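Residue 129 in the numbering used here sits at position 85 of the sequence shown, and the numbers go up by one each step. Note that the Cβ used here is the ideal one computed from N, Cα and C, for glycine as well. Quick caveat: nothing in here was measured; it's all calculated off a predicted structure.
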Amino acid sequence: MAMVGLFWIAEGDVYVGAKPSGLAPGVRLTPEGVVALGDKQDEFWPWEDVRSLTVDDVPVKSLKRHLGAAVDMVLTVGLGGTDGAPTMTVRVSGPDGADDTELTAYTAAAVGYSPAEYDLSRALLTRLTEGAGTLLTTLAAMAEWGRRHEGGSPRAAARVALLREWLAVADATEPGREDLTGR
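Written as C-alpha coordinates, this is what we have:
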(Lines of atoms letter the chains of each structure in order from A; the text may use other names.)
(Lines give C-alpha, C1' and ligand atoms only; values in the text may rest on other atoms or scores of the structure.)
Protein backbone atom coordinates (compact mmCIF):
# COMPACT_ATOMS: atom_id res chain seq x y z
CA MET A 45 0.00 0.00 0.00
CA ALA A 46 1.25 3.45 -0.83
CA MET A 47 0.17 7.07 -1.01
CA VAL A 48 0.98 8.90 -4.24
CA GLY A 49 -0.54 12.36 -4.30
CA LEU A 50 -4.23 12.24 -3.44
CA PHE A 51 -4.30 8.54 -4.33
CA TRP A 52 -3.88 5.46 -2.18
CA ILE A 53 -2.81 2.44 -4.18
CA ALA A 54 -3.12 -0.98 -2.60
CA GLU A 55 -1.99 -3.79 -4.88
CA GLY A 56 -4.11 -3.14 -8.00
CA ASP A 57 -6.77 -0.96 -6.33
CA VAL A 58 -6.77 2.84 -6.70
CA TYR A 59 -8.52 5.07 -4.15
CA VAL A 60 -8.95 8.82 -3.84
CA GLY A 61 -7.76 9.50 -0.31
CA ALA A 62 -6.97 6.73 2.13
CA LYS A 63 -8.20 3.20 1.60
CA PRO A 64 -11.23 2.81 3.87
CA SER A 65 -11.74 -0.05 6.26
CA GLY A 66 -14.96 -1.25 7.80
CA LEU A 67 -17.72 1.34 7.49
CA ALA A 68 -15.31 4.26 6.96
CA PRO A 69 -16.05 6.40 3.90
CA GLY A 70 -13.90 6.21 0.81
CA VAL A 71 -13.82 6.43 -2.98
CA ARG A 72 -12.42 3.73 -5.25
CA LEU A 73 -11.62 4.17 -8.94
CA THR A 74 -12.11 1.06 -11.06
CA PRO A 75 -11.97 0.50 -14.83
CA GLU A 76 -15.77 0.33 -14.71
CA GLY A 77 -16.42 3.49 -12.71
CA VAL A 78 -16.33 5.42 -9.45
CA VAL A 79 -17.36 3.46 -6.36
CA ALA A 80 -18.46 5.21 -3.15
CA LEU A 81 -17.66 3.07 -0.12
CA GLY A 82 -18.67 3.17 3.51
CA ASP A 83 -21.65 3.89 5.65
CA LYS A 84 -24.25 6.15 3.96
CA GLN A 85 -22.40 6.45 0.64
CA ASP A 86 -22.75 3.14 -1.15
CA GLU A 87 -23.07 4.21 -4.80
CA PHE A 88 -21.58 3.49 -8.22
CA TRP A 89 -21.15 5.72 -11.30
CA PRO A 90 -20.06 4.16 -14.60
CA TRP A 91 -17.35 6.29 -16.25
CA GLU A 92 -19.63 7.17 -19.17
CA ASP A 93 -21.89 8.95 -16.64
CA VAL A 94 -19.06 10.86 -14.91
CA ARG A 95 -18.50 14.33 -16.41
CA SER A 96 -16.08 15.55 -13.76
CA LEU A 97 -14.32 14.30 -10.67
CA THR A 98 -12.97 16.96 -8.31
CA VAL A 99 -11.75 17.25 -4.74
CA ASP A 100 -12.32 19.97 -2.16
CA ASP A 101 -11.21 20.54 1.42
CA VAL A 102 -7.83 18.96 0.69
CA PRO A 103 -5.20 19.84 3.29
CA VAL A 104 -2.20 21.28 1.45
CA LYS A 105 1.13 21.45 3.28
CA SER A 106 2.30 24.73 4.67
CA LEU A 107 4.45 25.71 7.63
CA LYS A 108 1.35 26.93 9.46
CA ARG A 109 -0.46 23.61 8.84
CA HIS A 110 2.62 21.61 9.93
CA LEU A 111 2.98 23.55 13.19
CA GLY A 112 -0.78 23.40 13.78
CA ALA A 113 -0.79 19.62 13.39
CA ALA A 114 2.03 19.29 15.92
CA VAL A 115 0.22 21.53 18.43
CA ASP A 116 -3.06 19.64 17.89
CA MET A 117 -1.31 16.33 18.49
CA VAL A 118 0.31 17.56 21.73
CA LEU A 119 -2.99 18.97 23.00
CA THR A 120 -4.96 15.87 21.99
CA VAL A 121 -2.53 13.45 23.62
CA GLY A 122 -1.89 15.71 26.64
CA LEU A 123 -5.57 16.29 27.33
CA GLY A 124 -6.56 12.68 26.70
CA GLY A 125 -8.85 13.56 23.82
CA THR A 126 -9.34 11.82 20.54
CA ASP A 127 -8.62 13.38 17.20
CA GLY A 128 -10.59 12.43 14.10
CA ALA A 129 -8.70 11.89 10.89
CA PRO A 130 -9.06 14.75 8.40
CA THR A 131 -11.38 14.23 5.45
CA MET A 132 -11.75 15.69 1.99
CA THR A 133 -14.76 15.98 -0.30
CA VAL A 134 -14.78 14.10 -3.60
CA ARG A 135 -17.36 15.54 -5.99
CA VAL A 136 -18.77 13.38 -8.80
CA SER A 137 -20.63 15.31 -11.50
CA GLY A 138 -23.03 13.35 -13.66
CA PRO A 139 -24.14 13.78 -17.27
CA ASP A 140 -26.21 16.91 -16.65
CA GLY A 141 -23.52 18.65 -14.64
CA ALA A 142 -26.25 19.62 -12.20
CA ASP A 143 -26.42 16.32 -10.37
CA ASP A 144 -23.26 16.61 -8.28
CA THR A 145 -22.77 14.10 -5.50
CA GLU A 146 -20.42 14.88 -2.63
CA LEU A 147 -18.56 11.96 -1.11
CA THR A 148 -16.27 11.84 1.90
CA ALA A 149 -12.82 10.27 1.90
CA TYR A 150 -10.16 10.32 4.58
CA THR A 151 -6.92 12.00 3.64
CA ALA A 152 -3.81 9.86 3.68
CA ALA A 153 -1.36 12.68 4.47
CA ALA A 154 -1.24 13.57 8.18
CA VAL A 155 0.01 17.15 7.74
CA GLY A 156 -1.28 17.68 4.22
CA TYR A 157 -0.27 17.10 0.62
CA SER A 158 2.46 19.06 -1.11
CA PRO A 159 1.20 21.74 -3.50
CA ALA A 160 2.81 19.86 -6.43
CA GLU A 161 1.14 16.56 -5.52
CA TYR A 162 -2.19 18.33 -5.06
CA ASP A 163 -2.03 20.07 -8.46
CA LEU A 164 -0.83 16.99 -10.35
CA SER A 165 -3.46 14.78 -8.68
CA ARG A 166 -6.24 17.20 -9.63
CA ALA A 167 -5.01 17.24 -13.24
CA LEU A 168 -4.92 13.43 -13.24
CA LEU A 169 -8.51 13.22 -11.92
CA THR A 170 -9.58 15.52 -14.76
CA ARG A 171 -7.84 13.31 -17.32
CA LEU A 172 -9.67 10.23 -16.04
CA THR A 173 -13.00 11.76 -17.06
CA GLU A 174 -11.93 12.74 -20.59
CA GLY A 175 -12.29 9.44 -22.38
CA ALA A 176 -12.20 5.68 -22.11
CA GLY A 177 -8.73 5.34 -23.68
CA THR A 178 -7.15 7.79 -21.25
CA LEU A 179 -9.02 6.33 -18.31
CA LEU A 180 -8.17 2.70 -18.96
CA THR A 181 -4.53 3.34 -19.86
CA THR A 182 -3.90 5.63 -16.89
CA LEU A 183 -5.71 3.50 -14.30
CA ALA A 184 -3.90 0.43 -15.65
CA ALA A 185 -0.53 2.18 -15.19
CA MET A 186 -1.43 3.19 -11.63
CA ALA A 187 -2.71 -0.29 -10.75
CA GLU A 188 0.32 -1.99 -12.31
CA TRP A 189 2.65 0.22 -10.28
CA GLY A 190 0.67 -0.75 -7.15
CA ARG A 191 1.00 -4.46 -7.91
CA ARG A 192 4.79 -4.13 -8.42
CA HIS A 193 5.43 -1.80 -5.48
CA GLU A 194 6.10 -3.26 -2.08
CA GLY A 195 6.55 -1.34 1.11
CA GLY A 196 5.35 2.08 2.16
CA SER A 197 4.84 5.30 0.29
CA PRO A 198 7.71 6.61 -1.83
CA ARG A 199 9.48 9.83 -0.87
CA ALA A 200 7.98 13.14 -2.02
CA ALA A 201 10.15 13.54 -5.14
CA ALA A 202 9.33 10.00 -6.28
CA ARG A 203 5.60 10.60 -5.72
CA VAL A 204 5.70 13.74 -7.86
CA ALA A 205 7.65 11.84 -10.55
CA LEU A 206 5.03 9.06 -10.56
CA LEU A 207 2.17 11.56 -10.91
CA ARG A 208 3.99 13.20 -13.82
CA GLU A 209 4.56 9.80 -15.40
CA TRP A 210 0.87 8.91 -15.12
CA LEU A 211 -0.11 12.30 -16.56
CA ALA A 212 2.28 11.65 -19.45
CA VAL A 213 0.50 8.31 -20.04
CA ALA A 214 -2.82 10.16 -20.08
CA ASP A 215 -1.47 12.89 -22.39
CA ALA A 216 -0.02 10.32 -24.80
CA THR A 217 -3.45 8.70 -25.07
CA GLU A 218 -5.10 11.98 -26.12
CA PRO A 219 -3.31 13.42 -29.21
CA GLY A 220 -2.95 17.19 -29.15
CA ARG A 221 -3.27 17.31 -25.36
CA GLU A 222 -1.22 20.01 -23.60
CA ASP A 223 1.61 18.50 -21.55
CA LEU A 224 1.08 19.40 -17.87
CA THR A 225 3.80 17.16 -16.49
CA GLY A 226 6.28 20.03 -16.17
CA ARG A 227 8.81 18.53 -18.56
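Residues sharing a beta bridge with residue i, DSSP
i	result
residue 242	Not covered by the structure: residue 242. The range shown for the chain is 45 to 227.
residue 132	149
residue 78	73 and 89
residue 137	96 and 144
residue 104	157
For residue i, the nearest candidate out of the options (CA to CA)
i	options	result
residue 136	83, 147 and 130	147
residue 134	78, 92 and 176	78
residue 216	180, 98 and 96	180
residue 101	75, 91 and 150	150
residue 65	139, 82 and 45	82
residue 182	131, 67 and 75	75
residue 143	177, 96 and 129	96
residue 202	176, 67, 168 and 160	160
residue 89	173, 154, 132 and 67	173
residue 154	132, 194 and 91	132
Assumed close pair residue i, residue j - CB separation to whole angstroms, cut-off 8 Å
i	j	result
residue 162	residue 50	7 Å
residue 80	residue 94	Not confirmed; about 12 Å, so no contact.
residue 166	residue 99	7 Å
residue 87	residue 145	7 Å
Residues of its chain near residue i, where Cβ-Cβ distance is below 7 Å and the 5 sequence neighbours each way are ignored
i	result
residue 152	47, 52, 61 and 62
residue 185	210 and 213
residue 164	49, 204, 207, 208 and 211
residue 200	158
residue 196	46
residue 193	46
For residue i, the first and last residue of its enclosing beta strand (DSSP E)
i	result
residue 150	144-150
residue 96	96-100
Residues near residue i in its chain [Cβ-Cβ closer than 8 Å; skip 5 each side]
i	result
residue 56	187, 188, 190 and 191
residue 59	51, 52, 53, 70, 71, 72, 73 and 149
residue 169	50, 60, 97, 98 and 99
residue 198	46, 48 and 206
Sequence-distant residues of its chain with Cβ nearer than 6 Å to residue i (five each side left out)
i	result
residue 156	103, 104, 105 and 109
residue 85	69 and 147
residue 138	93
residue 67	82 and 83
residue 130	103 and 151
Enclosing alpha helix (DSSP H) for residue i [first to last residue]
i	result
residue 90	First-last for residue 90: 87-90, but that is the beta strand (DSSP E), not the alpha helix (DSSP H).
residue 190	176-192
residue 204	200-217
residue 165	159-172
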